[in-house]
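Number of protein chains: 2
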Amino acid sequence: MSESSLAELLRARGLRLTAQRQLILQAVLDLGHATPEQVHTAVREVAAGVNITTIYRTLELLERLGLVTHTHLSHGSPTYHAAGEDQHVHLVCRECGAIDEMEPELLRPLADRLAREQGFRVDIGHVSFFGLCGRCGNGEQE
Amino acid sequence: MSESSLAELLRARGLRLTAQRQLILQAVLDLGHATPEQVHTAVREVAAGVNITTIYRTLELLERLGLVTHTHLSHGSPTYHAAGEDQHVHLVCRECGAIDEMEPELLRPLADRLAREQGFRVDIGHVSFFGLCGRCGNGEQE
DNA sequence: ATTTGTGCAAAAGCTTTGCACGCTA
DNA sequence: TAGCGTGCAAAGCTTTTGCACAAAT
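Taken in order, these protein sequences are the chains called A and B.
Quick note: the first sequence uses numbering that gives the first Met the number 0, first residue 0, plus one each step.
Quick note: the second sequence uses numbering that gives the first Met the number 0, first residue 0, plus one each step.
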């Protein structure tokens, strides 16, 4: 699906369509949420020789092209996911690390209010909440 | 203010009150938002010999003691801030990096709804929104 | 043919770990 | 004085950079 738009976006900028770029985009689409490391692992299953350096460079490129975005979940590496279509808010469990999702539209009222009152325009496709998921949160405090 | 509670919390666990721990906590309180690196710089102005290792170890300790928390703003290092009292939501400008703040209570309705409908309990003192601040967002798209 | 893209290797950051000495209690 | 805490140095990771070769157009 986005394969074709990848080709177009690249061509429009005089950049080249390569197997690596297709595979990396596909991996991000398939994985849903993934760190560069995880993308690397996934891509390697199909094309063993792809270097981690290429993962980093390509994710950055895909982000510039507007095909993927990244968020910062928990410690460490950012996680990438497809941009556009399936925007979602991440609900990250501090306890077990599980990642739930939520409709970004639920943020609309708040986002509108922030824009109006503080002039800050929230990117509602790039939000993560930390907390405790249903499995971990029962009966606990804090 | 929290100095005394630091002493108490440490004693309660058989840990020791040191100059470094006091200085590091003070730096976090003073700086508002700070990466380990920034805390290090601040502490060094008072006590030149303090090692970055101690900053890391102490921030982790202070977090365990419940005196500070950290969030992930933008790429790279986490930023620490005092826990409790002045909870706030960070509004991080993707363009200029400015950090605005917002009342966490504005998140209450959403947090309640999430707890009710998805069983996810948002830590509203540990939230960051990315987007464009008033200065950078005018007239831009994306 | 050009010129971009990739792999490899090394560098650069940031964070953690091991260890011996110093300091708190 | 007993044991925790710190500084120092080195190791570990993740991410970035430089360069020569490979590949796409």
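The beta carbon of each residue, even a glycine, is placed where N, CA and C say it ideally should be.
Because the structure is a prediction, the values reported are computed rather than measured.
message: Can you check whether the C-beta of V92/A is within less than 9 Å of a C-beta belonging to chain B?
response: The residue you asked about is not Val; residue 92/A is Cys in the sequence shown. Closer than 9 Å to some Cβ of chain B, the Cβ of C92/A qualifies, so yes.
field: Residue(s) in a DSSP beta bridge with I51/A
entry: Paired residues: none, contrary to the question.
message: Taking 7 Å as the limit between beta carbons, can you name the residues of its chain near H125/A, skipping five residues before and five after?
response: Scanning its chain for C-beta atoms nearer than 7 Å, with the 5 sequence neighbours on each side dropped, one finds around H125/A the residues T68 and T70, in chain order.
field: Beta carbon proximity, M0/A to chain B, threshold 9 Å
entry: Confidence at M0/A is low in this model, with a pLDDT of 46, below 50, so its placement is unreliable and no value can be given for it.
task: Check the Cβ-Cβ distances between H125/A and every residue of chain B, and say whether any is below 9 Å.
output: With respect to chain B, the C-beta atom of H125/A has a partner C-beta closer than 9 Å.
query: Going by the CB atoms, is the gap between L90/B and Q19/A shorter than 9 Å?
result: No, the pair does not count as a contact, with Cβ atoms beyond the cut-off.
- prompt: Which residue from R134/B, A6/B and D122/B puts its Cα closest to that of A82/B?
  reply: Cα-wise, what sits closest to A82/B is D122/B.
query: Per DSSP, L105/A is paired with what?
result: For L105/A, which the question treats as bridged, DSSP gives no partner whatsoever.
field: Beta-carbon gap between L24/A and L105/B smaller than 9 Å
entry: No, they are not a contact pair.
Closest residue to H87/B among C95/B, D99/B and R10/B (Cα-Cα distance): Looking at the Cα atoms, D99/B is the closest of the given residues.
query: When you compare each of D29/A, T52/A and G96/A to E142/A by their alpha carbons, which one comes out closest?
result: Residue 142/A lies beyond the stretch modelled for chain A, which goes from 0 to 141, so this question has no answer here.
field: T34/A: first and last residue of the uninterrupted alpha helix (DSSP H) it sits in
entry: Where T34/A is concerned, there is no enclosing alpha helix (DSSP H), given that its DSSP letter is neither H nor E.
task: Report the partner residues of F128/B according to the DSSP bridge assignment.
output: F128/B is bridged by DSSP to L90/B.
Length of the line joining the Cα atoms of C92/B and P103/B: Whole-angstrom Cα-Cα distance: 18 Å.
message: If contacts are defined as beta-carbon pairs under 8 Å, then L8/B and L64/B qualify, I think. What distance do you get, rounded to the angstrom?
response: So it is a contact: roughly 5 Å between Cβ atoms.
query: Taking C-alpha atoms, which residue in A47/A, R10/A and Y55/A lies nearest to P77/A?
result: Of the listed residues, the one whose Cα sits closest to P77/A is Y55/A.
field: Chain-order list of residues whose beta-carbon lies under 8 Å from that of R15/B (same chain, five-residue window excluded)
entry: L9, listed in sequence order.
task: Give the single residue among S127/A, R120/A and L28/A whose Cα lies nearest to the Cα of L66/A.
output: With distances taken between Cα atoms, L66/A lies closest to L28/A.
message: Just checking: is the beta-carbon of V121/A within a distance shorter than 9 Å of some beta-carbon in chain B?
response: Output row for V121/A: interface = yes.
task: Take F119/A and list the residues in its own chain whose beta-carbon comes closer than 8 Å to its own, dropping the five residues that flank it on each side.
output: Excluding residues up to 5 positions away in sequence, L113 lie with their Cβ nearer than 8 Å to the Cβ of F119/A in the same chain.
message: For E59/A and G13/B, what's the separation of their Cα atoms in angstroms?
response: Straight-line Cα distance between these residues: approximately 48 Å.
query: Counting along the chain, where does the beta strand (DSSP E) carrying T17/A start and finish?
result: Taken as a continuous stretch (DSSP letters only), T17/A belongs to no beta strand (DSSP E), as it is neither H nor E.
query: Roughly how many whole angstroms lie between the Cα atoms of F129/B and H32/A?
result: One C-alpha to the other measures close to 18 Å.
field: D99/B - DSSP class collapsed to helix/strand/coil
entry: Strand at D99/B.
task: Put A110/A into one of helix, strand or coil per three-state DSSP.
output: In this structure, DSSP gives A110/A a helical state, which the three-state scheme calls helix.
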